[in-house]
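Here is the structure we will look at, set down as structure tokens.
Residue numbers (full-length UniProt numbering): 1 to 341.
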């Protein structure tokens, strides 16, 4: 998690280095690092409870998507081999349906689009409507460099842009595929909210922006007795089950009880670190006990890593929507930013 945190002699460093929750490599980080505290008379004070917390709720009315509908827009004959390479990677990911090239070309001809205006507030929605696409991709050439650009149809915003030289497309394309997979999961998870519910879920963080090595803490409170899950979805696509965990193996939460992560008693703290970016934390509360999110224990930590997060979390979303009445579950989420000093 970047450089080691300096916290007196009461800090126990795993094998002399701080471990990543995702890859368990020395120094390499995942957005949060974990430090274990020794039980002794001179330990550092426990992590502070959340104060002046920011409260957020989820977006409602988002339809669950198995895959994104994506159109790759032609730009030049030289770009065709790159477009085919990217198309194959997108299809192999299982998270994208690539719209037929001829259908895309016909749509562009219909609106007589100048390709320079791809991200225009009028052009992107028009193309999206004609093609039933959620995302548009274009590969552009500029001098000796190429750029791959992803535009969201609804917002007309450029969500992703990477430059590369001849022969260097693979890394840029793989990053794009990873971005789309994570973005789809974020979309579906953020849209998980019942039409009505008797349960109120409050989720807070001590702040919205964390610098490297800043202590991180969350708190959750529910209005009725229920079963609670807390998921961290990181900027690099890794997903961590924060609650339940080895320190708190039961996910039963009592009405009005405040659950703290870290809990201040189990001997660990969380600090911000690499990879920096935007992380989403999602709380899901249900009156019915369900085994929603299988995870693999991360050695040396109380948390679990959700392997194949898109598939696992998608199954959990479907299970909630089909097995629980709307009034018997609810969600809340926060998005925080982490950045270098």
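No residue lacks a Cβ here, since even glycine has one placed at the ideal position from N, Cα and C.
The DSSP assignment places 201-205, 209-211, 218-222, 226-233, 239-243 as complete runs of the beta strand (DSSP E) inside the segment 178-255, in order along the chain (cut-off: 3 residues). By the 16-neighbour rule on beta-carbons within 10 angstroms, residue 340 is exposed. Note that the segment 258-266 does not touch the segment 160-178; fewer than 3 beta-carbon pairs, one per stretch, sit closer than 8 Å. Below 8 Å, too few C-beta pairs join the segment 206-217 and the segment 226-246 to call them touching: fewer than three. Residue 153 counts as buried, since at least 16 other C-beta atoms from the protein chains shown sit within 10 angstroms of its C-beta. Under the 10 Å beta carbon count, residue 128 is surrounded by 16 or more other beta carbons and is classified as buried.
If you look at residue 323, you'll find it in the alpha helix (DSSP H) that goes 309-323.
With a contact defined as Cβ atoms closer than 8 Å, residue 324 and residue 313 miss out at about 16 Å. Annotated as proximal: residue 333 and residue 283, with beta-carbon spacing under 9 Å. Per DSSP, residue 339 is one residue of the beta strand (DSSP E) stretching across 329-339. Contact between the segment 132-151 and the segment 69-78 is present: three or more C-beta pairs spanning the two stretches fall below 8 Å. Taking a C-beta distance under 9 Å as the contact criterion, residue 241 and residue 289 do not qualify as a contact pair. In the three-state reduction of the DSSP assignment, residue 101 falls in the helix class, which pools H, G and I.
Residue 196 sits exposed, since fewer than 16 C-beta atoms from the chains shown fall within 10 Å of its C-beta. Boundaries of the beta strand (DSSP E) around residue 281: 277-286. Distance check between residue 302 and each of 308, 249, 253, 320 places 249 closest, using alpha-carbon atoms only.
Around residue 93, the same chain offers 177, 180, 181 as residues with beta carbons nearer than 8 Å, after the five sequence neighbours per side are excluded. Note: residue 152 is bridge-paired with 135 in the DSSP secondary-structure output.
For residue 278, the number of other beta carbons within 10 angstroms of its own is below 16, and it is reported as exposed. Residue 79 counts as buried, since no fewer than 16 other beta carbons sit within 10 angstroms of its beta carbon. Assigned with DSSP and collapsed to three states, residue 76 falls in coil, not helix or strand. In this structure, the alpha-carbon of residue 199 lies about 46 Å from that of residue 107. The DSSP-derived three-state label of residue 297 is strand. Residue 172 and residue 148 do touch by the CB rule: their CB atoms are close to 6 Å apart, below 8 Å. Proximity to residue 123 across 98, 104, 212, 156 peaks at 156, based on C-alpha coordinates.
The alpha carbon of residue 221 has as its nearest neighbour, out of 236, 203, 208, 243, the alpha carbon of 203. Less than 9 Å divides the Cβ of residue 83 from the Cβ of residue 139. Per DSSP, residue 161 is one residue of the beta strand (DSSP E) stretching across 158-165.
A Cβ-Cβ contact shorter than 9 Å links residue 194 with residue 331.
In the structure shown, residue 304 falls within a strand segment according to DSSP collapsed to helix, strand and coil. Going by C-alpha positions, residue 87 is about 39 Å away from residue 329. Straight-line spacing of the CA atoms in residue 146 and residue 186 works out to 28 Å. With contacts defined by Cβ atoms closer than 9 Å, residue 317 and residue 64 form a contacting pair. Here DSSP, grouped into helix, strand and coil, assigns residue 66 to coil. With respect to the 9 Å criterion, residue 67 and residue 104 are not classified as neighbours on the basis of their beta carbons.
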